[in-house]
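Quick notes on the structure that follows.
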Amino acid sequence: MTIPLDKLKWMYEMMAKSRYYEDQMAEVYMEGKTPVFNIGAGTVPGEMHLSTGQEPAAVICAHLTKDDTVTSPHRPHHHAIAKGIDLNRMTAEIFGKETGLSKGKGGHMHLFDPNVKFSCSGIVGAGIPQAAGAALAAKMKGQDWVAVAFLGEGAANSGAFHETLNMAALWKLPLILVVEDNAYGISVPKKASTAIESNDLRAPAYGIEGAYVKDNDPVEMYKVSEEAVKRARNGEGPTIIEIETFRYLGHFQGDPELYREKEEVPALRERDPILRIRKLLIDEYGLDEAEMEEMESKVKAEVDEAYNFARESEFPKPEAALADMFN
Numbered sequence: 001m002t003i004p005l006d007k008l009k010w011m012y013e014m015m016a017k018s019r020y021y022e023d024q025m026a027e028v029y030m031e032g033k034t035p036v037f038n039i040g041a042g043t044v045p046g047e048m049h050l051s052t053g054q055e056p057a058a059v060i061c062a063h064l065t066k067d068d069t070v071t072s073p074h075r076p077h078h079h080a081i082a083k084g085i086d087l088n089r090m091t092a093e094i095f096g097k098e099t100g101l102s103k104g105k106g107g108h109m110h111l112f113d114p115n116v117k118f119s120c121s122g123i124v125g126a127g128i129p130q131a132a133g134a135a136l137a138a139k140m141k142g143q144d145w146v147a148v149a150f151l152g153e154g155a156a157n158s159g160a161f162h163e164t165l166n167m168a169a170l171w172k173l174p175l176i177l178v179v180e181d182n183a184y185g186i187s188v189p190k191k192a193s194t195a196i197e198s199n200d201l202r203a204p205a206y207g208i209e210g211a212y213v214k215d216n217d218p219v220e221m222y223k224v225s226e227e228a229v230k231r232a233r234n235g236e237g238p239t240i241i242e243i244e245t246f247r248y249l250g251h252f253q254g255d256p257e258l259y260r261e262k263e264e265v266p267a268l269r270e271r272d273p274i275l276r277i278r279k280l281l282i283d284e285y286g287l288d289e290a291e292m293e294e295m296e297s298k299v300k301a302e303v304d305e306a307y308n309f310a311r312e313s314e315f316p317k318p319e320a321a322l323a324d325m326f327n
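Positions 1 to 327 (the UniProt record's numbering) are the ones given, in order, by the sequence shown.
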């Protein structure tokens with residue numbers, strides 16, 4: 001299957017935007033946190049989980065519309081960008097500013113944009129049943145909407161994963177679970193936590209489809225997810241997609257990464273999926289360097305604008321802490 005040029009360009013722009021966004025966030029996050037690392041200090045206080053290297057997982061969003069739901073875990077930025085979240089307001093939210101998606105009260109692990117049906121959570125596995133709820137709502141309303149839940153391979157060992165799949169398979173819900181296998185659940189290697197080689201192998205136990213994407217391949221992810229989305233829209237039930245992806249950074253910013261060899265990440269970076277798509281666009285689709293640089297300049301400008309917007313926005317007033325509360 002040949003991917004249409006407009007879709008491949010979208011994939012490249014999305015992944016390049018996500019990478020540049022995360023590279024900038026890695027620098028911004030460390031502002032005010034040196035010489036002694038203090039997680040509560042700086043421009044962006046609190047934990048920060050970046051998705052550098054995991055961009056191909058979000059390629060499924062090439063097949064989604066604004067009416068489709070996406071839930072994400074605590075490493076959400078590439079998913080949010082691919083789903084079309086308001087980048088200015090997302091960045092302001094991460095900075096804790098009043099112009100943020102949730103007026104600065106949610107932060108980077110609790111992004112929520114109802115305009116594109118995107119949400120994320122810091123609770124491991126929490127988005128799985130939430131996505132199933134959206135899928136059930138779509139089915140009850142007679143709509144062809146799809147729900148996608150992203151999760152790490154560690155979350156596939158949680159009760160939420162198995163309980164949700166049982167119901168989703170029973171009711172043939174338009175649900176897709178995308179398992180991002182970055183080889184580590186925080187610092188625990190997958191082989192030390194999971195009894196099977198890949199989580200797509202669990203699909204037959206629920207009578208549903210499973211697919212595996214090897215080597216962080218965005219082109220294969222596009223093909224596999226296109227079929228999964230088609231099945232979901234046609235009422236054929238859920239799919240589990242596991243993608244072998246690469247986490248170039250630590251579990252969180254400031255992670256000393258003592259659990260992996262120093263040679264691991266440089267070797268992974270040599271197989272960078274963004275460079276692979278760039279080469280594909282030039283070698284097989286005939287784009288030249290000027291066209292590539294135009295796309296790259298465009299996404300960098302969007303990201304730079306978002307960071308400027310966040311920096312220039314005001315913090316919430318103290319009394320805002322009591323607003324928008326449940327009674």
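For every residue, glycine included, the Cβ atom is placed at its ideal position computed from N, Cα and C.
Asked: By how many angstroms is the C-alpha of residue 172 removed from the C-alpha of residue 28?; Found: 44 Å
Asked: Give the single residue among 64, 46, 182 whose Cα lies nearest to the Cα of residue 116.; Found: 64
Asked: Would you say residue 359 and residue 149 are within 8 Å of each other, going by their C-beta atoms?; Found: Outside the shown range of the chain (1 to 327) lies residue 359, about which nothing can therefore be said.
Asked: Where do the ends of the alpha helix (DSSP H) carrying residue 170 lie?; Found: 159 to 170
Asked: Less than 7 Å between C-beta atoms, sequence neighbours within five positions excluded: which residues of the same chain meet that for residue 157?; Found: 193, 194
Asked: For residue 186, count neighbouring Cβ atoms within 10 angstroms of its own Cβ and tell me buried if that reaches 16, exposed if not.; Found: exposed
Asked: Would you report the Cα separation of residue 83 and residue 119, rounded to the nearest angstrom?; Found: 10 Å
Asked: Cβ atoms of residue 127 and residue 189: under 8 Å apart, would you say?; Found: no
Asked: Using beta-carbon positions only, say whether residue 245 and residue 182 come within less than 8 Å of one another.; Found: yes
Asked: So residue 6 is in the alpha helix (DSSP H); what residue range does that whole segment cover?; Found: 5 to 29
Asked: Tell me the DSSP bridge mates of residue 147?; Found: 69, 175
Asked: Would DSSP call residue 282 helix, strand or coil?; Found: helix
Asked: DSSP on residue 185, reduced to helix/strand/coil?; Found: strand
Asked: Go ahead and pull the three-state DSSP assignment for residue 288.; Found: coil
Asked: Please report how far the alpha carbon of residue 266 lies from the alpha carbon of residue 323, in whole angstroms.; Found: 47 Å
Asked: By DSSP's criteria, residue 212 is part of a beta bridge. Which residues make up the other side?; Found: 242
Asked: Go ahead and label residue 51 buried or exposed: buried means 16 or more other beta carbons lie within 10 angstroms of its beta carbon, across all protein chains shown.; Found: buried
Asked: Work out the CA separation of residue 226 and residue 60 for me, nearest whole Å.; Found: 7 Å
Asked: Consult DSSP for residue 328 and reduce its assignment to one of helix, strand or coil.; Found: There is no way to answer for residue 328, as the model of the chain reaches only from 1 to 327.
Asked: Can you tell me where the alpha helix (DSSP H) with residue 225 in it begins and where it stops?; Found: 218 to 233
Asked: Provide the residue span of the alpha helix (DSSP H) that contains residue 194, from first to last.; Found: Unbroken run through residue 194: none, as it is neither H nor E.
Asked: Taking the straight line between their C-alpha atoms, what separation do you get for residue 7 and residue 219?; Found: 10 Å
Asked: Helix, strand or coil for residue 297, going by three-state DSSP, please let me know.; Found: helix
Asked: Among the candidates 223, 304, 168, whose CA atom is the shortest distance from the CA of residue 203?; Found: 168
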